[in-house]
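These notes concern the structure reproduced below.
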Ligand SMILES: [Fe+2]
């Protein structure tokens, strides 16, 4: 299932300042300093949104296609493989049993792309429009987005992993602990691991190690608190309260697309035995690498088509 939606620069123009949500409370100085460099918490006003309450979300689960709803037992080790954690811990649960006995089953349920539902699309896109407006001075236009709603029970764990995009995470109900790590810290992920992460999608996410514990930035999420995840920042999240609802708005921008392609370019340089400099340090060099990667892809496409 293809996740998310590609958008162009003008996509959010249809939302004026009055129709976008006004839910983010960002400290301008902190935002400017930390955005896409370090994780930071912020306040939001989404907790009373009727569409984000348990009963409405259960109705949404029944409306959406089956492959948009993922579920498993909530309690899993922090170091299990993120990509197989859903399949490996489904444990005989069905969607009906999860909805009817959510707490007794110690469930974890993820709704993928709630924006594909007509009732949710407007809310999600209004939030995205607000994010898009806020990041414009420090980033670039949004090129893709994908959103998720996570519903969980006490001690549920989202194992250690990193995503290939940025995220504004909104805690709506209940409490969670979140640990995030810097994407620039070589002790957390080496430059080579970062390059590989952006190349072999889903195959090579660096694994959790106990030694990471002392390197994380820790947050306690409660209703009304949000958390910004910088690009590919590793994270690990656990549910503290009985029930929790969290909305994740993940997105890529023109700049993060440059980083992705520069990582991709580095990956091939490494395969050729070279040791390229890290991505995210010099914007001009990243841009040149990304341009070369895009040219190479374009040139190689007819050859790939021939050998299909
Ligand atoms: Fe994540």
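Residue numbers (the working numbering): 706 to 1013. Don't be surprised by glycine CBs; every beta carbon is placed ideally from N, CA and C. Since the structure is predicted, the reported quantities are computational estimates derived from the model, not experimental observations.
Is it true that the CB of residue j sits closer than 8 Å to the CB of residue i?
i           : j           : result
residue 884 : residue 941 : yes
residue 828 : residue 765 : no
residue 886 : residue 921 : yes
residue 848 : residue 963 : no
residue 820 : residue 726 : no
residue 935 : residue 741 : yes
residue 867 : residue 928 : no
residue 994 : residue 967 : yes
residue 912 : residue 784 : yes
residue 831 : residue 720 : yes
residue 890 : residue 971 : no
residue 893 : residue 917 : yes
residue 860 : residue 949 : no
residue 769 : residue 839 : no
residue 790 : residue 733 : no
Please report the distance separating the alpha-carbon of residue i from that of residue j.
i            : j            : result
residue 957  : residue 773  : 21 Å
residue 824  : residue 904  : 35 Å
residue 888  : residue 822  : 33 Å
residue 947  : residue 846  : 38 Å
residue 750  : residue 854  : 16 Å
residue 747  : residue 910  : 28 Å
residue 804  : residue 763  : 7 Å
residue 1008 : residue 1002 : 10 Å
residue 816  : residue 767  : 11 Å
residue 933  : residue 872  : 6 Å
residue 833  : residue 843  : 16 Å
residue 902  : residue 788  : 13 Å
residue 984  : residue 761  : 42 Å
residue 699  : residue 895  : Any property of residue 699 remains undetermined from this structure, which presents the chain solely from 706 to 1013.
residue 982  : residue 738  : 24 Å
residue 716  : residue 851  : 14 Å
residue 759  : residue 753  : 12 Å
residue 992  : residue 979  : 19 Å
residue 952  : residue 818  : 11 Å
residue 718  : residue 807  : 40 Å
residue 699  : residue 960  : Limits of the chain in this structure are 706 at one end and 1013 at the other, which puts residue 699 out of reach.
residue 723  : residue 837  : 14 Å
residue 826  : residue 771  : 18 Å
residue 996  : residue 919  : 38 Å
residue 990  : residue 945  : 43 Å
residue 714  : residue 999  : 19 Å
residue 775  : residue 709  : 16 Å
residue 915  : residue 1012 : 45 Å
Here's the rule I'm using: 16 or more other beta-carbon atoms within 10 Å means buried, otherwise exposed. How should residue i be labelled?
i            : result
residue 923  : exposed
residue 841  : exposed
residue 1005 : exposed
residue 862  : buried
residue 1014 : The chain is shown only over 706 to 1013; residue 1014 falls outside these bounds and no answer can be derived.
residue 926  : buried
residue 937  : buried
residue 707  : exposed
residue 744  : buried
Could you round the C-beta distance between residue i and residue j to whole angstroms and report it? I think they count as a contact, below 8 Å.
i           : j           : result
residue 954 : residue 876 : In fact, because the Cβ distance is near 13 Å, the residues do not count as touching under 8 Å.
residue 897 : residue 975 : 6 Å
residue 869 : residue 965 : 7 Å
Inter-stretch contact at 8 Å, needing at least 3 Cβ pairs: the segment 774-788 / the segment 808-816: yes
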